[in-house]
Every structure is written in C-alpha cells, then in structure tokens.
Amino acid sequence: AITYKDLGQPQKAEELEVAVVEKRRAILGADHPKTLDAMYNLAITYNKLGQPQKAEELEVVVVEKRRAILGADHPYTLMAMGNLAATYANLNCFEDAEKLQTEVMEKFRTILGDEHPHTVLSIKHLAFTYRALGKVAEAEELEGLLPDDEEGASASDEVE
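Each residue of the sequence shown is one higher than the one before, counting from 1 in full-length UniProt numbering.
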C-alpha cells in the first residue's frame with residue numbers, strides 16, 4: 001500500500017489497506033496494535049483521497065484506543081493525535097485542531113526535544129492553525145522555535 005501511495009495510486013492503496021484492517025480485526029482483534037496501525041495508515045490514505053470525514057472516524061478510534069493501550073504520552077498516540085488534528089484542520093474545525101495540536105506539540109517538546117522531526121512538524125502544524133485562526137503573533141512566536149536548519153526534519157507518517 002505504501003508503494004502504491006509513493007507511485008501516486010492512493011485508490012489502490014486504499015483497497016489493500018481496507019483489506020488489511022478487516023483481516024487484522026478478524027485475526028488479531030480490534031484493539032491489537034497492528035490493527036490500530038492499519039487503521040492509522042488507512043486514515044492517512046483517506047485524507048490523501050480527499051475524504052477527511054472517513055479519516056476522522058478512524059482517527060478518533062485510533063487515538064482513543066492508543067491512549068488506553070499505550071498511554072497518552074506514547075509517540076504513536078501523539079502521532080495519531082497530530083493526524084486527527086490535521087484532519088480537523090482539513091474539515092475547517094480549527095479550534096478542535098488547535099486544542100489537539102497544542103497538546104501534541106507540548107508533549108513532543110517534553111519527550112523528544114525541540115529539534116526532533118516530530119516536534120518540528122507539530123510546531124509547523126500548530127503555527128498553520130494559528131494563522132488560519134488569525135492568530136498571527138502566536139504563529140510567529142512558534143515559528144521562532146523552529147531550528148535554523150531543519151533540512152532532514154521530516155517525520156514519517158506511515159506505521160508498518
């Protein structure tokens with residue numbers, strides 16, 4: 001599925017990912033980490049396909065279950081929360097996005113440090129949301145936290 005996405009064929013990726021989610025639910029159970037990983041990846045695909053409502057449905061479940069199973073501060077939980085926040089932004093629900101993105105950014109800064117790729121990405125996303133909400137001063141303040149040279153600071157979305 002990742003290869004299909006890389007080749008610009010997200011519809012084919014979706015077909016495979018739906019099958020993976022269904023099989024993992026049947027074999028491993030709905031709460032198994034690998035099932036949640038598959039749901040997380042499918043949600044990313046739904047966003048790439050311009051279907052944020054479908055993405056939101058999955059992401060809410062993934063966040064809830066990862067919080068319960070892995071804990072609120074686990075990087076996988078925080079990544080899922082960040083993706084849900086991005087989906088809220090795609091749905092123009094910027095207040096909801098801001099709330100989640102603030103929590104994600106603060107926790108990533110504490111756990112991973114200011115220069116980790118996940119932290120940098122969370123800062124960028126929150127700054128974008130601040131701008132969408134007309135909070136330009138807050139966005140600029142956040143952008144001041146970004147490393148001077150952030151090349152290579154890309155956080156992978158996909159979980160295998």
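From the three backbone atoms N, C-alpha and C, an ideal C-beta is built for every residue, glycine too.
- In chain order, what residues of the same chain have a beta carbon less than 6 Å from the beta carbon of ALA43, not counting five sequence neighbours either side? ALA55, LEU58, GLU59
- Message: At the level of alpha carbons, what is the spacing between ILE69 and THR35?
- Response: 13 Å
- Query: Are PRO75 and LEU112 close, meaning C-beta to C-beta below 9 Å?
  - Reply: The criterion of a C-beta distance shorter than 9 Å is satisfied by PRO75 and LEU112.
- Message: Which residue marks the beginning of the alpha helix (DSSP H) containing GLY113, and which one marks its end?
- Response: Looking at the DSSP string, GLY113 is not in any alpha helix (DSSP H), and its letter there is neither H nor E.
- Query: How long is the line joining the alpha carbons of LYS124 and LEU142, rounded to whole angstroms?
  - Reply: 8 Å
- Using the Cα positions of ARG24 and GLN101, report the straight-line distance between them to the nearest angstrom. 29 Å
- Query: Using CA coordinates, which residue listed in LEU7, THR3, VAL62, GLU15 is at the minimum distance from ASP31?
  - Reply: Selected option, being the one with the closest Cα: VAL62.
- Under 9 Å between the Cβ atoms of ALA89 and ALA132? yes
- At a cut-off of 8 Å, is GLN51 close to the ligand SAM when judged by its beta-carbon and the heavy atoms of the ligand? Questions concerning the ligand SAM fall outside what the structure shown contains, since it holds no ligand whatsoever.
- Task: With DSSP as the reference, label LEU7 as helix, strand or coil.
- Result: LEU7 falls in the coil class under three-state DSSP.
- Query: What residue from TYR4, LEU91, GLU95 has the CA that sits closest to PRO52's CA?
  - Reply: For PRO52, the nearest C-alpha among the options comes from LEU91.
- Report, in whole angstroms, the separation of the C-beta atoms of LEU78 and ASP114, which I expect to be a contact under 8 Å. In fact, because the Cβ distance is near 15 Å, the residues do not count as touching under 8 Å.
- Message: Looking at the secondary structure, which residues open and close the alpha helix (DSSP H) in which ALA85 lies?
- Response: 75 to 90
- Could you spell out the range, first to last residue, of the alpha helix (DSSP H) harbouring HIS118? 117 to 132
- Message: Could you give the first and the last residue of the continuous alpha helix (DSSP H) run that contains PRO147?
- Response: Here PRO147 belongs to no alpha helix (DSSP H), and DSSP marks it neither H nor E.
- Beta-carbon contacts of VAL159 that lie in its chain and below 8 Å, excluding the five residues immediately before and after: Caution is warranted here: a pLDDT of 48 is assigned to VAL159, below 50, making its placement in the model unreliable, and the coordinate value is therefore given only provisionally. Here the set comprises ASP37, TYR40, ASN41, TYR76, MET79.
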